[in-house]
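Protein chains in written order, with my numbering: chain A, 1 to 74; chain B, 75 to 419. Note that beta-carbon positions come from the ideal geometry of N, C-alpha and C, so glycine has one too.
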Ligand code: SF4
């Protein structure tokens, strides 16, 4: 399943907290697209994913929006 | 049976060492980091353009990754209000309610511990490190008032404190813990060297903005002009961004200092009247409060002063109302001398 988390205009660490809260409801293998505007998410979300065993598939930046694609781990 | 400890992780060296010492004893450790809204971590670097060369990392997450432990970041913004507004043990040098804050965090950690079936709590506290919250007398206060009692272990000062449950039960060996005390950082530095930790964040003053004098002044201004001692997350976040000037009791101006801040403030255009220079490059600014047409005119001439048109005869600015309507205003920029010092917060 694909999910989207809109974390625009939230400052770090709120986007990470959103992801952390939502991910509990998702299954391993699901993908999540997180949309954010705080440049810090490019570092914090991958770091959070690394310590929790989730995989960052891609990071795209277009103008002021950052899209981070994550695959939910076990 | 492998015992489990939950650690308070601030992102500084002390909590990093405390966790490392416990991991070395074969304990499973996971970290908690509380987001109060006042944390220095992360976002100020994220908003501002400066230090572009430095990665904008969250130190708590970075520490967790170095230690190979999980880190849970917990949003405590709403509950924390009561700590800031009514601290039972009072404030430190500024608006920092450090002792109540520590009790609160350990209490939250203890609730997390019970819910997740962990055995004890560790913190990086060192006796005598901080004048108010980390004294020998305050250590038992934190253990008792948080409810954690003897399940709260401070590995760095453990040998100077009564044995806790994990020590008495033999889950951890007391003689492998430490007897650090006082403000010297030398014991921590040499332990870091022993653990091969060569990179760590240097905490500058404290872990949150409440220890910052200028921030505290802005917070007091918010309370004296907002009518009541209260805040929302947006209020306290905005205090971290831009220059704040108060030309009148009824409104203040928030003027961005660089492009990063302008982008951040742009996100608030539906909540505030905003002003942005058009004829010259310049900062996006918000009007926080009630402003008359005359106030907006004055605000525009202040914003013009901070634009690249500061020496021009006049500057044209776009004024956006909350509903998206827009009109242009041409004003003479104020001179630096005409901006009274007391307006600057
Ligand atoms: S500096 Fe801030 S976060 Fe740290 S203990 Fe004091 S009040 Fe709490």
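Is residue 171 of chain B close to the ligand FAD? I mean its beta-carbon at under 8 Å from any heavy atom of the ligand. Looking for the ligand FAD in the displayed structure turns up nothing; the ligands present are the ligand SF4.
Sequence ranges, beta strand (DSSP E) only - wholly within the stretch 297-367 of chain B, length at least 3: 317-322, 325-329, 347-351 and 359-363
Is the distance from the Cβ of residue 31 of chain A to the Cβ of residue 69 of chain A below 9 Å? Locating residue 31 of chain A in the first chain gives position 31, counting from the first residue. Locating residue 69 of chain A in the first chain gives position 69, counting from the first residue. Yes; because the gap between Cβ atoms is below 9 Å, this pair is in contact.
Using a Cβ cut-off of 7 Å, pull out every chain A residue sitting near residue 109 of chain B, in sequence order please. Taking the first residue of the second chain as 1, we reach residue 109 of chain B at position 35. Chain A residues near residue 109 of chain B: 13 and 17.
Go ahead and pull the three-state DSSP assignment for residue 172 of chain B. In the second chain, residue 172 of chain B corresponds to position 98, counting from 1. Helix.
Run through the DSSP bridge pairs and tell me what residue 197 of chain B is partnered with. Indexing the second chain from 1 puts residue 197 of chain B at position 123. DSSP lists no partner for residue 197 of chain B.
Any heavy atom of the ligand SF4 closer than 8 Å to the beta-carbon of residue 281 of chain B? Residue mapping note: residue 281 of chain B aligns to position 207 of the second chain, counting from 1. Within the cutoff, so yes.
Which residue's Cα is closest to the Cα of residue 35 of chain A: A/9, A/1 and A/72? Along the first chain, one-based indexing puts residue 35 of chain A at 35. Closest option to residue 35 of chain A, Cα to Cα, is A/9.
Given a cut-off of 9 Å on the beta-carbon distance, is the pair residue 374 of chain B and residue 196 of chain B in contact? Here residue 374 of chain B refers to the residue found at position 300 when the second chain is read from its first residue. Here residue 196 of chain B refers to the residue found at position 122 when the second chain is read from its first residue. Result no, Cβ atoms of residue 374 of chain B and residue 196 of chain B do not sit closer than 9 Å.
Amino acids of chain A, ordered along the chain, whose beta-carbon sits closer than 8 Å to that of residue 149 of chain B: As a working mapping, residue 149 of chain B is identified with position 75 in the second chain. Within chain A, the residues near residue 149 of chain B are 14 and 17.
Kindly examine the ligand SF4 and report whether one of its heavy atoms sits closer than 8 Å to the Cβ of residue 179 of chain B. The residue you call residue 179 of chain B lines up with position 105 of the second chain. Yes, since a heavy atom of the ligand SF4 falls inside the 8 Å radius drawn around the Cβ of residue 179 of chain B.
Report the neighbours of residue 70 of chain A on chain B: residues whose CB is nearer than 7 Å to its CB, in chain order. For the purposes of this step, residue 70 of chain A is taken as residue 70 along the first chain, with counting starting at 1. None at all; the shortest Cβ gap to chain B is about 15 Å.
Quick one: residues in its chain with C-beta nearer than 8 Å to the C-beta of residue 5 of chain A, no 5 flanking neighbours on either side, listed in chain order? By one-based count along the first chain, residue 5 of chain A stands at place 5. Excluding positions up to five away in sequence, the list reads 15, 18, 19, 22, 32, 33, 34 and 35.
Indicate, with yes or no, if the ligand SF4 has a heavy atom lying under 8 Å from the CB of residue 182 of chain B. Looking up residue 182 of chain B in the second chain gives position 108. Outside the cutoff, so no.
Measure how close the beta-carbons of residue 87 of chain B and residue 262 of chain B come, nearest whole angstrom, since I'm counting them as under 8 Å. Mapped onto the second chain, residue 87 of chain B falls at position 13. Mapped onto the second chain, residue 262 of chain B falls at position 188. The Cβ separation is near 6 Å, so the contact holds.
Neighbour list for residue 131 of chain B in chain A, Cβ cutoff strictly below 9 Å: If you number the second chain from 1, residue 131 of chain B lands on position 57. Those within 9 Å of residue 131 of chain B in chain A are 40, 43, 44 and 47.
Suppose contacts are defined by Cβ-Cβ distances below 9 Å. Is residue 93 of chain B in contact with residue 85 of chain B by that definition? Reading the second chain from its first residue, position 19 is the one you call residue 93 of chain B. Reading the second chain from its first residue, position 11 is the one you call residue 85 of chain B. Taking 9 Å as the Cβ cut-off, residue 93 of chain B and residue 85 of chain B do not qualify as a contacting pair.
Closer than 7 Å between beta carbons: that is the criterion. Which residues of the stretch 325-354 of chain B meet it against chain A? 337 and 341
Proximal residues of chain A, C-beta to C-beta of residue 144 of chain B below 7 Å: Translated into the one-based positions of the second chain, residue 144 of chain B becomes position 70. Those are 51 and 52, listed as they occur along chain A.
First and last residue of the alpha helix (DSSP H) that includes residue 216 of chain B? Position 142 of the second chain holds residue 216 of chain B. Residue 216 of chain B -> alpha helix (DSSP H) spans 212-220.
At the level of alpha carbons, what is the spacing between residue 124 of chain B and residue 95 of chain B? Taking the second chain and counting its residues from 1, one reaches residue 124 of chain B at position 50. Taking the second chain and counting its residues from 1, one reaches residue 95 of chain B at position 21. Note that residue 124 of chain B scores 48 on pLDDT, short of 50, meaning its location in the model is unreliable and no value can be drawn from it.
Measuring only from the beta carbon, is residue 423 of chain B closer than 8 Å to any heavy atom that is part of the ligand SF4? With chain B represented from 75 up to 419, any question about residue 423 of chain B goes unanswered, as that position is not in the structure.
Taking the alpha-carbon positions, what's the residue 39 of chain A to residue 67 of chain A distance? Mapped onto the first chain, residue 39 of chain A falls at position 39. Mapped onto the first chain, residue 67 of chain A falls at position 67. Between residue 39 of chain A and residue 67 of chain A, the C-alpha separation is close to 11 Å.
Of the residues that make up the stretch 18-37 of chain A, which ones have a beta carbon closer than 8 Å to any beta carbon in chain B? 20 and 37
Between residue 2 of chain A and the rest of its own chain, which residues show a CB-CB distance below 6 Å, the 5 nearest in sequence each way excluded? Sequence index remark: in the first chain, residue 2 of chain A carries index 2 (1-based). If we look at residue 2 of chain A and ignore the five residues flanking it on each side, its Cβ neighbours are 31.
Is residue 235 of chain B near the ligand SF4, judged by its Cβ being under 8 Å from some heavy atom? Along the second chain, read from residue 1 onward, the residue named residue 235 of chain B stands at position 161. Checking every heavy atom of the ligand SF4 against the Cβ of residue 235 of chain B, none is found closer than 8 Å.
Just the C-alpha distance for residue 278 of chain B and residue 316 of chain B, rounded to the nearest angstrom, thanks. Reading the second chain from its first residue, position 204 is the one you call residue 278 of chain B. Reading the second chain from its first residue, position 242 is the one you call residue 316 of chain B. At residue 278 of chain B, the pLDDT of 47 sits below 50, so the modelled position is not reliable and the matter cannot be decided from this model.
Euclidean distance between Cα positions of residue 120 of chain B and residue 137 of chain B: The count along the second chain starts at 1 and reaches residue 120 of chain B at position 46. The count along the second chain starts at 1 and reaches residue 137 of chain B at position 63. Bear in mind that a pLDDT of 49 at residue 120 of chain B, under 50, signals an unreliable position, so the model cannot answer this.
Quick one: which unbroken beta strand (DSSP E) runs of 3-plus residues sit fully inside the stretch 29-58 of chain A? Chain order, please. 31-36
Suppose you measure from the CA of residue 402 of chain B to the CA of residue 346 of chain B; what does that come to, to the nearest Å? To locate residue 402 of chain B, count along the second chain from 1; it is residue 328. To locate residue 346 of chain B, count along the second chain from 1; it is residue 272. Computed Cα separation, rounded: 17 Å.
Based on the DSSP secondary-structure assignment, which residues constitute the bridge partners of residue 68 of chain A? The residue labelled residue 68 of chain A in the question sits at position 68 within the first chain. Paired residue(s): A/34 and A/59.
With a cut-off of 8 Å on the beta carbons, I'd call residue 230 of chain B and residue 51 of chain A a contact; round off their distance for me. Sequence index remark: in the second chain, residue 230 of chain B carries index 156 (1-based). Sequence index remark: in the first chain, residue 51 of chain A carries index 51 (1-based). Not really, about 23 Å apart at Cβ, beyond 8 Å.
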